[in-house]
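What the sequence shown shows, in mature numbering (1 follows the signal peptide of the UniProt record, and there is no 0), is residues -28 to -1, 1 to 507, in sequence order.
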Amino acid sequence: MTRLSRRDFGKLLAGTALLGSLPSSSFAASEKPVQGGTLRVVMGLEPATQVEILQNAGGAGVGGRVVEGLVTEGLDLSIQPQLATSWSVSDDGLIYTFKLREGVTWHDGTPFTSADVAHTYSFLKDVHPRRRNTFANLVKIDDSDPHTVVLHFSRPAPALLPALNANSAPIVPKHLYEGTDPRTNPWNAKPIGTGPFVFREWVRGSHTLLERNPNYWAPEQPNLDAIIIRYIPDAVTRLAAFEANEVDIGYSTPVPIGELARFKNNPEFKLDTEGYSLGGGLNQIFFNLRFEPFKKLEVRQAVAHAIDINAYIAKVWQGYAIPSPSAIVPAMKHFHDASIKHYAYDPAEAERLLDQAGYPRGADGTRFTVRFTANPFMSQVIDGANFIRSALAEIGIRAEIALYDHPTYIKKLYTEGAFDLDIQVLANGYDPTDGIQRGYHSGNIKEGLAWSNHAHYSNPEVDRIFDEAAYEPNPEKRRALYVELQQILHRDLPAVNLVQYQPVTVSRAALRDHLIDQQNSSTSYARAWLADGGA
């Protein structure tokens, strides 16, 4: 393995090329992967942890480059082997048997076995905001054969397989986690995995460095020598980094959305929208239902009536979004209820509802003031907060926007509950049990747990539907249950659902074979290569 010297690494981080860049036409016809080079990834958020056993936070940390799952999802959404080579399901849907890949070792040289899978899944059931639902009825794990793991459920788990990827259920080594609290285990910040790259360092506020795993289980992979993940919070600064050839790839629209056109027309770059199908990105506004004024349905309805969704799409998302009035986005075609429409844009009706709720305008025209938080994951969400603030001002609501870095945002919302309105971007995921249930089931009102039910919404009928649908093996019965669910949520309005947005990946044209699955920013880069040799 080629190790980077400190001098060379410093040049890479500063954006100084170690190899001369070639015009795109010079390598356009290349078919055989070029070995070596360093891939420079830019991320808008620095993770709170390097391995996603505690959260799903927009591709936090090292992703599938260091840690792996039993399976992954191809671009066509097919389930494909990773640490599992094959699997079978019993006729009653209660037993899943996975044959594991042999000859795999952890980065510290310890053999990978079924015990690692069993131990990981046992604690994910307790600490992970999504896998709490996935593994809720997991009653037994048989790991007696080191190369076979058998999961026993008390009820069917029809949505299990897509949840077992590196992003959603990363396998971590039992020998480093056993006997510890996984929430505070120091290896979360310096992960040991089985993936194609080995973790080397995390310099907070700057970057993470990964280097090629010379003992990876897939022959001749990876192609790259190293990966540098740089953390640049500001979208304009990320734009400048692309233009200065300091970074190779960024995810989830890494530059100001209005600047995408210049990349589309530049042959040195590529724009991709593939790899996000499992996300089902939903931009929505949650209410804090514990406090006035949003305890009152009329006030929540007034907020919904104050928003011109067409103007919102045009101004905030520059057309990279479609209306999504339901909690289940249109991309989730089998479950989405297309009969649900946005509350009509009607400021006069909003004013009437606020008067009716007992909130007249004061002498200065203001009815009340609210704390308005915004998820910093995407710059468009901040733009959206400003759009909504202006819309609310028109009906007499003063929204004071509070912006935080990502760890502080999580703490303010999910530990302290210090908000009245919160504008989010949440992934629907591969199934309603994955990305939607966490936000509305009363059993997921968990203080301190990120991406849980921070609105404190509670409806026994909604809980019943989620509980039944999660284990219903008949697809049409599941659809009927989720259609009923959407109608109730639209009526109760714990959140105003705004748009399904389309994230965009920006990359240099020299980067090849990086788009191989649905993991987007958490992808492994096992087959990726740089046609110009890299920086």
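Every residue, glycine too, gets a C-beta built ideally from N, C-alpha and C.
Can you look up residue i in the DSSP assignment and give me helix, strand or coil?
i       : result
Val61   : strand
Gly389  : coil
Ser(-8) : Any reading at Ser(-8) must be qualified, since the residue scores a pLDDT of 31, below 50, and its modelled position is unreliable; no value is offered.
Glu270  : helix
Trp501  : strand
Leu243  : strand
Ala1    : With a pLDDT of only 42 at Ala1, under 50, the local geometry of the prediction cannot be trusted, and the value read off the model is given with reservation. Here Ala1 sits in coil by DSSP.
Leu261  : coil
Ala349  : Checking the sequence shown, residue 349 turns out to be Phe, not Ala. Correct three-state label for Phe349: coil.
Trp78   : coil
Phe95   : helix
Thr166  : coil
Ala442  : coil
Ser430  : coil
Glu321  : helix
Ala56   : strand
Glu211  : Position check: residue 211 holds Leu in this sequence, whereas Glu was assumed. DSSP places Leu211 in helix when its eight states are reduced to three.
Thr156  : coil
Pro83   : strand
Leu232  : helix
Glu366  : helix
Ile51   : strand
Glu150  : coil
Leu461  : helix
Leu326  : helix
Ile143  : strand
Glu24   : coil
Glu40   : strand
Leu483  : strand
Going by Cα to Cα distance, which pick from the options is closest to residue i?
i      : options                        : result
Glu440 : Gly252, Asn109, Asp88, Ile199  : Asn109
Lys71  : Phe84, Ser311, Ala422, Asp80   : Phe84
Ala390 : Leu398, Ile373, Arg272, Leu232 : Ile373
Leu453 : Tyr188, Asp309, Thr209         : Asp309
Val301 : Ala56, Asn139, His462, Gly65   : His462
Glu218 : Ala498, Arg480, Asn492, His486 : Arg480
Thr10  : Val61, Thr21, Asp197           : Asp197
Val478 : Pro101, Ser493, Val342         : Ser493
Asn238 : Asn260, Ser140, Ala482, Ala363 : Ala482
Ile201 : Ala399, Glu18, Glu45           : Glu18
Glu270 : Leu326, Glu231, Ile221, Val342 : Leu326
Ser50  : Pro134, Leu26, Leu96, His100   : Pro134
To the nearest angstrom, report how far apart residue i and residue j are at their CA atoms.
i      : j      : result
Phe349 : Ser116 : 42 Å
Pro118 : Trp59  : 15 Å
Trp157 : Leu393 : In the sequence as displayed, the identity of residue 157 is Asn instead of Trp. Distance between the alpha carbons of Asn157 and Leu393 is about 33 Å.
Arg484 : Ala212 : 22 Å
Val468 : Phe258 : 7 Å
Ala503 : Ala316 : 51 Å
Leu66  : Ala129 : 7 Å
Tyr149 : Lys313 : 48 Å
Glu321 : Gln396 : 25 Å
Glu456 : Val111 : 29 Å
Thr69  : Ser62  : 8 Å
Ala278 : Arg272 : 10 Å
Arg370 : Trp501 : 51 Å
Gln7   : Asn195 : 5 Å
Gly401 : Thr338 : 39 Å
Ser2   : Gly505 : Since pLDDT at Ser2 reaches only 46, below the 50 mark, its modelled position is unreliable, and no value is offered.
Around the Cβ of residue i, are there at least 16 other Cβ atoms within 10 angstroms (buried) or fewer (exposed)?
i      : result
Glu183 : buried
Thr387 : exposed
Ile175 : Ile is not the amino acid found at residue 175; the sequence shown has Val there. Exposed: under 16 other Cβ atoms inside 10 Å.
Ser126 : exposed
Gly75  : exposed
Ala293 : buried
Glu448 : exposed
Asp403 : buried
Val208 : exposed
Name the DSSP beta bridge partners of residue i, please?
i      : result
Asn469 : Gln256
Glu372 : Arg343
His124 : Ile67, Lys112
Tyr203 : Met15
His179 : Val175, Arg202
Leu136 : Note: Leu136 sits in no beta bridge, so no partner.
Leu398 : Leu254
Ile294 : Gln472
Asp489 : Gly46
Val478 : Gly222, Leu243
Thr10  : Ala198
Arg184 : Phe169
Could you tell me whether the Cβ of residue i comes closer than 8 Å to any Cβ of chain C?
i     : result
Val39 : Reference to chain C is not applicable here, since this structure consists of a single protein chain.
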